[in-house]
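Residue numbers (numbering that gives the first Met the number 0): 0 to 177. The structure under discussion appears below in the form of C-alpha coordinates.
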Amino acid sequence: MAGYRKLGRTSSQRKALIRNQVTSLINNGKIITTEAKAKEIRKVAEGLIAMAVKEKDNYETVTVTAKVPRKDKDGKRIKEVQDGKKVQLFDEVEKTVTKDAPSRLHARRQMLKVLYPVKEVPAKAAGRKKNTKDVDLTEKLFKEIAPKYENRNGGYTRIVKIGPRKGDAAMEVVLELV
(Lines of atoms letter the chains of each structure in order from A and count residues from 1; the text may use other names and numbers.)
(Lines give C-alpha, C1' and ligand atoms only; values in the text may rest on other atoms or scores of the structure.)
Protein backbone atom coordinates (compact mmCIF):
# COMPACT_ATOMS: atom_id res chain seq x y z
CA MET A 1 0.00 0.00 0.00
CA ALA A 2 1.30 3.45 -0.95
CA GLY A 3 1.96 6.05 1.74
CA TYR A 4 0.06 8.72 -0.19
CA ARG A 5 -2.77 9.16 -2.70
CA LYS A 6 -1.75 9.47 -6.33
CA LEU A 7 -4.87 11.49 -7.26
CA GLY A 8 -4.77 10.22 -10.85
CA ARG A 9 -1.82 12.43 -11.77
CA THR A 10 1.87 12.15 -12.56
CA SER A 11 4.25 13.02 -9.72
CA SER A 12 5.07 16.51 -11.04
CA GLN A 13 1.40 17.35 -11.57
CA ARG A 14 0.52 16.02 -8.12
CA LYS A 15 3.28 18.03 -6.42
CA ALA A 16 2.20 21.20 -8.25
CA LEU A 17 -1.45 20.62 -7.29
CA ILE A 18 -0.59 20.11 -3.62
CA ARG A 19 1.72 23.15 -3.54
CA ASN A 20 -0.96 25.29 -5.18
CA GLN A 21 -3.70 24.13 -2.79
CA VAL A 22 -1.51 24.55 0.33
CA THR A 23 -0.56 28.06 -0.80
CA SER A 24 -4.24 28.93 -1.27
CA LEU A 25 -5.16 27.45 2.11
CA ILE A 26 -2.55 29.47 3.98
CA ASN A 27 -3.28 32.65 2.02
CA ASN A 28 -7.10 32.49 2.28
CA GLY A 29 -7.72 30.39 5.39
CA LYS A 30 -10.02 27.88 3.68
CA ILE A 31 -10.51 26.13 0.34
CA ILE A 32 -13.15 23.89 -1.27
CA THR A 33 -11.82 20.69 -2.85
CA THR A 34 -12.45 16.95 -3.03
CA GLU A 35 -12.04 14.74 0.01
CA ALA A 36 -9.03 12.80 -1.31
CA LYS A 37 -7.16 16.00 -2.23
CA ALA A 38 -8.02 17.58 1.13
CA LYS A 39 -6.53 14.67 3.05
CA GLU A 40 -3.25 14.99 1.13
CA ILE A 41 -3.17 18.78 1.43
CA ARG A 42 -3.83 18.53 5.16
CA LYS A 43 -0.61 16.51 5.70
CA VAL A 44 1.58 19.15 4.06
CA ALA A 45 -0.22 22.16 5.58
CA GLU A 46 -0.10 20.79 9.11
CA GLY A 47 3.62 20.09 8.74
CA LEU A 48 4.26 23.71 7.71
CA ILE A 49 2.16 25.10 10.56
CA ALA A 50 3.90 22.82 13.08
CA MET A 51 7.26 24.07 11.81
CA ALA A 52 6.09 27.69 12.17
CA VAL A 53 4.80 27.09 15.72
CA LYS A 54 8.10 25.51 16.76
CA GLU A 55 10.27 28.32 15.34
CA LYS A 56 8.02 31.36 15.81
CA ASP A 57 10.07 33.03 18.60
CA ASN A 58 13.48 31.91 17.39
CA TYR A 59 14.91 35.26 16.23
CA GLU A 60 16.69 38.30 17.57
CA THR A 61 16.33 42.00 16.76
CA VAL A 62 19.54 43.73 15.75
CA THR A 63 20.24 47.44 15.15
CA VAL A 64 22.30 48.07 12.04
CA THR A 65 23.52 51.21 10.27
CA ALA A 66 22.73 51.34 6.58
CA LYS A 67 23.66 53.76 3.84
CA VAL A 68 20.59 55.23 2.19
CA PRO A 69 20.83 57.45 -0.91
CA ARG A 70 19.98 61.11 -0.23
CA LYS A 71 16.93 62.29 -2.20
CA ASP A 72 15.43 65.63 -3.14
CA LYS A 73 11.79 66.68 -2.71
CA ASP A 74 10.75 64.82 -5.89
CA GLY A 75 12.27 61.56 -4.70
CA LYS A 76 15.22 61.64 -7.12
CA ARG A 77 18.72 60.76 -5.94
CA ILE A 78 21.07 63.71 -5.37
CA LYS A 79 24.43 63.65 -7.16
CA GLU A 80 27.36 65.97 -6.53
CA VAL A 81 30.46 66.63 -8.63
CA GLN A 82 33.69 65.64 -6.83
CA ASP A 83 37.05 65.53 -8.67
CA GLY A 84 35.32 65.83 -12.05
CA LYS A 85 32.98 62.87 -11.43
CA LYS A 86 29.31 62.76 -10.45
CA VAL A 87 29.12 61.04 -7.07
CA GLN A 88 25.94 59.99 -5.33
CA LEU A 89 25.39 61.25 -1.77
CA PHE A 90 24.44 58.85 1.03
CA ASP A 91 23.07 59.27 4.56
CA GLU A 92 23.68 56.76 7.32
CA VAL A 93 20.48 55.52 8.99
CA GLU A 94 20.03 53.13 11.91
CA LYS A 95 17.47 50.38 11.38
CA THR A 96 16.24 47.54 13.57
CA VAL A 97 16.19 44.22 11.74
CA THR A 98 14.98 40.79 12.83
CA LYS A 99 17.70 38.20 12.36
CA ASP A 100 16.59 34.59 12.13
CA ALA A 101 18.34 31.90 14.12
CA PRO A 102 19.79 29.12 11.92
CA SER A 103 16.94 26.70 12.68
CA ARG A 104 14.29 29.33 11.86
CA LEU A 105 16.08 30.19 8.62
CA HIS A 106 16.07 26.50 7.71
CA ALA A 107 12.35 26.28 8.51
CA ARG A 108 11.68 29.36 6.36
CA ARG A 109 13.52 27.78 3.43
CA GLN A 110 11.64 24.50 3.87
CA MET A 111 8.37 26.48 3.72
CA LEU A 112 9.51 28.31 0.59
CA LYS A 113 10.09 24.92 -1.09
CA VAL A 114 6.35 24.26 -0.79
CA LEU A 115 4.69 27.69 -1.01
CA TYR A 116 4.29 29.56 -4.28
CA PRO A 117 4.86 33.35 -4.41
CA VAL A 118 1.57 35.26 -4.08
CA LYS A 119 0.69 38.73 -5.35
CA GLU A 120 -2.12 40.71 -3.78
CA VAL A 121 -4.17 43.05 -5.94
CA PRO A 122 -6.25 45.74 -4.19
CA ALA A 123 -9.92 45.75 -5.24
CA LYS A 124 -10.19 49.44 -6.14
CA ALA A 125 -7.26 49.41 -8.57
CA ALA A 126 -7.66 45.90 -9.96
CA GLY A 127 -5.72 45.16 -13.12
CA ARG A 128 -2.98 47.70 -12.48
CA LYS A 129 0.40 46.09 -12.31
CA LYS A 130 2.04 48.81 -10.22
CA ASN A 131 -0.51 48.48 -7.39
CA THR A 132 0.16 44.80 -6.76
CA LYS A 133 2.26 43.77 -3.78
CA ASP A 134 3.95 40.53 -2.83
CA VAL A 135 2.54 38.60 0.13
CA ASP A 136 5.20 36.94 2.30
CA LEU A 137 3.46 33.72 3.30
CA THR A 138 6.33 32.52 5.48
CA GLU A 139 6.07 35.73 7.49
CA LYS A 140 2.30 35.24 7.68
CA LEU A 141 2.88 31.73 9.03
CA PHE A 142 5.30 32.98 11.69
CA LYS A 143 3.45 36.19 12.71
CA GLU A 144 -0.28 35.44 12.28
CA ILE A 145 -0.94 31.71 12.10
CA ALA A 146 1.65 30.28 14.55
CA PRO A 147 0.61 32.43 17.56
CA LYS A 148 -2.97 31.14 17.22
CA TYR A 149 -1.82 27.53 17.54
CA GLU A 150 1.04 27.76 20.06
CA ASN A 151 -0.94 25.93 22.79
CA ARG A 152 -2.28 23.28 20.41
CA ASN A 153 -0.61 19.93 19.70
CA GLY A 154 -1.50 19.31 16.07
CA GLY A 155 -4.93 19.34 14.46
CA TYR A 156 -4.55 22.77 12.87
CA THR A 157 -6.98 22.07 10.02
CA ARG A 158 -10.57 20.91 9.80
CA ILE A 159 -12.32 19.00 7.00
CA VAL A 160 -16.08 19.58 6.71
CA LYS A 161 -18.06 17.59 4.12
CA ILE A 162 -20.44 19.69 2.03
CA GLY A 163 -21.88 16.99 -0.23
CA PRO A 164 -21.34 15.47 -3.66
CA ARG A 165 -20.28 17.59 -6.60
CA LYS A 166 -22.92 17.94 -9.31
CA GLY A 167 -20.79 16.85 -12.28
CA ASP A 168 -19.10 13.65 -11.11
CA ALA A 169 -20.57 13.09 -7.62
CA ALA A 170 -17.13 13.41 -5.98
CA MET A 171 -17.46 14.27 -2.29
CA GLU A 172 -16.62 17.94 -1.84
CA VAL A 173 -15.23 19.27 1.42
CA VAL A 174 -14.18 22.56 2.97
CA LEU A 175 -10.61 22.43 4.26
CA GLU A 176 -10.05 25.27 6.72
CA LEU A 177 -7.65 26.41 9.38
CA VAL A 178 -9.22 25.88 12.81
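Where a beta carbon is used, it is the ideal one built from N, C-alpha and C, also for glycine. Please read these numbers as outputs of a predicted model, since none were measured by experiment.
| Check | Outcome |
| --- | --- |
| May I ask you to report which of helix, strand or coil DSSP gives Lys165? | coil |
| What residue range is occupied by the uninterrupted beta strand (DSSP E) comprising Thr97? | Phe89 to Asp99 |
| Measure the Cβ-Cβ separation of Val131 and Lys123 and say whether it is below 8 Å. | Reading off the sequence shown, one finds Thr at residue 131, where the question assumed Val. Going by C-beta atoms, Thr131 is not nearer than 8 Å to Lys123. |
| Any chance you could list the beta strand (DSSP E) runs of at least 3 consecutive residues sitting entirely within the region 14–53, in chain order? | 29–33 |
| I think Met50 touches Gln109, with their Cβ atoms under 8 Å apart; what is that distance to the nearest whole Å? | 6 Å |
| Count the other C-beta atoms from every protein chain shown that fall within 10 angstroms of the C-beta of Ile144, then say buried if there are 16 or more, exposed otherwise. | buried |
| When you compare the region 12–27 with the region 87–102, are there three or more beta-carbon pairs, one atom per stretch, that lie closer than 8 Å? | no |
| What is the DSSP secondary structure of Ile77, counted as helix, strand or coil? | coil |
| Which of helix, strand or coil does DSSP assign to Thr131? | coil |
| Helix or strand or just coil, what does DSSP make of Leu104? | helix |
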